[in-house]
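Asks: Residue numbers (the working numbering): 1070 to 1499.
Don't be surprised by glycine CBs; every beta carbon is placed ideally from N, CA and C.
Dropping a structure here in structure tokens format, bear with me for questions.
Here you go:
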């Protein structure tokens, strides 16, 4: 039993890792893609167009959550996870051979957009599915720890993508990278995809799905049933995770690149800041899941929501003052604080949605939150500085998100199995 569970964890987590590798290398290779598909004398305009295509993938994620949520809730978790990894393999592999603007003009950009749409749909169904699978197959009393592994897979995939692109840049000259070597990381996705398929070949269906099927609870339209049966819980799920979403994209995506505008003598390398932050997240995510099992996910989420609000102003003040050492220390502390709720969030999300619409609920809510609040956070941060004239104005946006999440978390009523009640966790049939 233990060995079967270990294989299931590896299969679901490895697939999640591979999907996120495929998804993020597009961003790391954006400078090369911009010249290959949007050639222009204005390099900034080309990058804007490329990042626009990158954003398309994010906005397709909620649709992917709904699509793969239907498969997962109607046909089974294991089938959805197998299909999602195949759906990522195909567009990523085609990215390695797609014609450029020099070959077929504007149609090359159209193909690029279509491939990015396919990637967005695929990754939109993957993470929610991995969360459901890991939590539903976990032993009693360890669902928080197992659920946190879904996010470790995500972070690990992003780190691998970064490492592969950096390796390619070190092995090939800039001219070679622009000419053809940018394709190699995408080609590597084919190899990684086959590894993921092999690992998922013998996945077993989750007990929660099997019970729902045996009881005749499977529904034809899980998304409609989600809005009909649990609209308030769906909104609460968004409210719970909004602070983590806003914080990540504000502090670890936008802030490092904006620091030089705070102080001409201050400079934090954006890719280094991202790598360090992700490494810290990777280490501490399981701690968040473990704590959710020990004390209940509600306590973990509530305490860390306040932690975001407390830490964010010192980070901005340190960055504005040019105190790089203090800024780095606070960023690491912020990453640890972020790991706690992200480790606890998977089990929290699954607890709030019944099994027959769980895949859809988790996938759609997570991806919609990222699209609405994560993708727009850098834009809002910049706009707040322009409107207020205060360089620390974005910190108040994070504080507002933290207060919203804290208030929402207080209204959540975890089931006995998920509130750190060991007697409930040990009960038969739990």
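So, is residue 1448 buried or exposed, given that buried needs 16 or more other C-beta atoms within 10 angstroms?
Replies: It counts as exposed.
Asks: Less than 9 Å between the beta carbons of residue 1434 and residue 1213, yes or no?
Replies: No, they are not a contact pair.
Asks: Mark residue 1283 as exposed unless 16 or more other C-beta atoms lie within 10 angstroms of its C-beta, in which case mark it buried.
Replies: Classification of residue 1283: exposed, given that the 10 Å Cβ count is below 16.
Asks: Taking the continuous alpha helix (DSSP H) assigned at residue 1383, which residues delimit it?
Replies: 1366 to 1390 is the span of the alpha helix (DSSP H), which, as asked, contains residue 1383.
Asks: Determine the closest residue to residue 1358 out of 1424, 1288, 1211, with distance taken between C-alpha atoms.
Replies: Checked all of 1424, 1288, 1211; the closest Cα to residue 1358 is 1211.
Asks: In chain order, what residues of the same chain have a beta carbon less than 6 Å from the beta carbon of residue 1383, not counting five sequence neighbours either side?
Replies: 1399.
Asks: Check whether the stretch 1120 to 1130 and the stretch 1183 to 1190 are in contact - that is, three or more C-beta pairs closer than 8 Å.
Replies: At 8 Å Cβ cutoff, the stretches touch.
Asks: Taking C-beta to C-beta, are residue 1091 and residue 1158 nearer than 9 Å?
Replies: Yes, the pair counts as a contact, with Cβ atoms nearer than the cut-off.
Asks: Which of the three DSSP states is assigned to residue 1032 in this structure?
Replies: Since the first and last residues shown for the chain are 1070 and 1499, residue 1032 lies out of range.
Asks: Identify which residue in 1270, 1228, 1094, 1315 has its Cα closest to the Cα of residue 1440.
Replies: For residue 1440, the nearest C-alpha among the options comes from 1315.
Asks: Take residue 1085 and list the residues in its own chain whose beta-carbon comes closer than 8 Å to its own, dropping the five residues that flank it on each side.
Replies: For residue 1085, where only same-chain residues beyond five positions count, the Cβ hits under 8 Å are 1195, 1196, 1199, 1219, 1222, 1223, 1226.
Asks: Rounding to the nearest angstrom, what Cα-Cα distance links residue 1365 and residue 1477 in this structure?
Replies: Going by the C-alpha atoms only, they are around 16 Å apart.
Asks: Of the residues 1247, 1254, 1249, which one's Cα is nearest the Cα of residue 1236?
Replies: The option with the nearest alpha carbon to residue 1236 is 1254.
Asks: In whole angstroms, give me the CA-to-CA distance for residue 1285 and residue 1271.
Replies: Cα to Cα, the separation comes out at about 25 Å.
Asks: Residues in the same chain with beta-carbon distance under 8 Å from residue 1266, minus the five sequence neighbours each way, listed in chain order, please.
Replies: Closer than 8 Å at the Cβ level, and outside the excluded window around residue 1266, lie 1151, 1154, 1155, 1158.
Asks: How would you call residue 1420, buried or exposed, if buried means at least 16 neighbouring beta carbons within 10 angstroms?
Replies: That one is buried.
Asks: For residue 1300, count neighbouring Cβ atoms within 10 angstroms of its own Cβ and tell me buried if that reaches 16, exposed if not.
Replies: Label assigned to residue 1300: exposed.
Asks: Taking buried to mean at least 16 other C-beta atoms within 10 Å of its own C-beta, is residue 1089 buried or exposed?
Replies: Burial call: buried.
Asks: Let me know if residue 1304 comes out buried or exposed under the rule of 16 or more other beta-carbons within 10 Å of its beta-carbon.
Replies: Per the 10 Å Cβ criterion, exposed.
Asks: Tell me whether residue 1351 is buried or exposed, calling it buried when 16 or more other Cβ atoms sit within 10 Å of its Cβ.
Replies: So residue 1351 counts as buried.
Asks: In chain order, what residues of the same chain have a beta carbon less than 7 Å from the beta carbon of residue 1234, not counting five sequence neighbours either side?
Replies: 1094, 1097, 1098, 1254, listed in sequence order.
Asks: In whole angstroms, what is the alpha-carbon distance linking residue 1391 and residue 1405?
Replies: Their Cα atoms are separated by approximately 22 Å.
Asks: Check residue 1421 in the structure and name its three-state DSSP category.
Replies: Three-state result, residue 1421: coil.
Asks: Evaluate the contact criterion for the stretch 1461 to 1476 versus the stretch 1370 to 1389: three or more CB pairs, one atom per stretch, below 8 Å.
Replies: Counting Cβ pairs under 8 Å, three or more are found: they touch.
Asks: Taking the straight line between their C-alpha atoms, what separation do you get for residue 1290 and residue 1483?
Replies: Answer to the nearest angstrom: the Cα atoms are 26 Å apart.
Asks: Assign residue 1205 to one of two classes, buried (16 or more other C-beta atoms within 10 Å of its C-beta) or exposed (fewer than that).
Replies: Buried: at least 16 other Cβ atoms inside 10 Å.
Asks: By Cβ distance, which residues of its chain are closer than 7 Å to residue 1122, with the 5 residues on each side in sequence left out?
Replies: Excluding positions up to five away in sequence, the list reads 1181, 1182, 1185.
Asks: Contact check, residue 1138 vs residue 1466 under 8 Å by CB: the rounded distance?
Replies: Residue 1138 to residue 1466, Cβ: 30 Å. No contact.
Asks: What are the boundary residues of the alpha helix (DSSP H) that residue 1267 is part of?
Replies: First-last of the alpha helix (DSSP H) with residue 1267: 1253 to 1268.
Asks: Considering Cα atoms alone, identify which of 1430, 1367, 1312 is closest to residue 1379.
Replies: Closest option to residue 1379, Cα to Cα, is 1312.
Asks: What's the gap between the Cα of residue 1147 and the Cα of residue 1216?
Replies: Spanning the two alpha carbons is a distance of roughly 16 Å.
Asks: Could you tell me how far apart the beta carbons of residue 1298 and residue 1426 are, in whole angstroms, since I believe they sit closer than 8 Å?
Replies: Going by Cβ atoms, the distance from residue 1298 to residue 1426 rounds to 7 Å, so yes, they are a contact pair.
Asks: Suppose contacts are defined by Cβ-Cβ distances below 9 Å. Is residue 1349 in contact with residue 1360 by that definition?
Replies: In this structure, residue 1360 does not lie closer than 9 Å to residue 1349 by Cβ.
Asks: Just to confirm the assignment, what range does the alpha helix (DSSP H) spanning residue 1480 have?
Replies: It spans 1462 to 1480 - the alpha helix (DSSP H) in which residue 1480 sits, taken as one unbroken run.
Asks: Could you give the DSSP three-state label for residue 1286: helix, strand or coil?
Replies: In the structure shown, residue 1286 sits in coil (DSSP, three-state: anything other than H, G, I, E or B).
Asks: Using the C-alpha atoms, what's the distance from residue 1458 back to residue 1161?
Replies: About 42 Å.
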